[in-house]
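Trainee:
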Amino acid sequence: MWTAEKRKWRYDSKSSSPNWQRCRGLGYYEDSQAQTAPASGKQPAACSRRLFLPTIDARLIAIDADTGKLCEKLRRSRYCRPQRRHG
Numbered sequence: 001m002w003t004a005e006k007r008k009w010r011y012d013s014k015s016s017s018p019n020w021q022r023c024r025g026l027g028y029y030e031d032s033q034a035q036t037a038p039a040s041g042k043q044p045a046a047c048s049r050r051l052f053l054p055t056i057d058a059r060l061i062a063i064d065a066d067t068g069k070l071c072e073k074l075r076r077s078r079y080c081r082p083q084r085r086h087g
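When we follow full-length UniProt numbering, the leftmost residue of the sequence shown carries the number 1, and every step to the right adds one.
1. Pick from Cys71, Ser15 and Glu72: whose alpha carbon is nearest that of Asp57?
2. What residue range is occupied by the uninterrupted beta strand (DSSP E) comprising Gly27?
3. Using C-beta distances below 8 Å, list every residue in its chain close to Ser13, excluding the 5 sequence neighbours before and after it, in chain order.
4. Going by C-alpha to C-alpha distance, which of Asp66, Arg24 and Cys47 sits closest to Glu72?
5. Within the same chain, show all residues whose beta-carbon is closer than 6 Å to that of Gly25, passing over the 5 residues directly before and after it, in chain order.
This is the structure:
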């Protein structure tokens, strides 16, 4: 992510594919109700501003827009595979 002066952070999804990666996209979601500070030492803070990155290897990754770190809660892991059923 870039600010007016310099790059704020960079994220590498470490995706690989034998094909040229031509389908790229990015989604944004802001949750004004998200708890931005952890309630306890065990629970991580929620990402109040999220970027959603689909990858060529069929993952959907949620990234904190402010820090560039993975959001801790996207289903049961830090990313999900949309082709699998989650319930």
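Don't be surprised by glycine CBs; every beta carbon is placed ideally from N, CA and C.
Everything numeric in this text was worked out from a predicted model, so none of it was measured.
Mentor: Once the coordinates are examined:
1. Ranking Cys71, Ser15 and Glu72 by Cα distance to Asp57 puts Ser15 first.
2. Run containing Gly27: Gly27 to Glu30, per the beta strand (DSSP E) assignment.
3. So the list reads Leu53, Thr55, Arg59 and Ile61, once near-sequence residues are dropped.
4. The option with the nearest alpha carbon to Glu72 is Cys47.
5. Around Gly25: Pro54.
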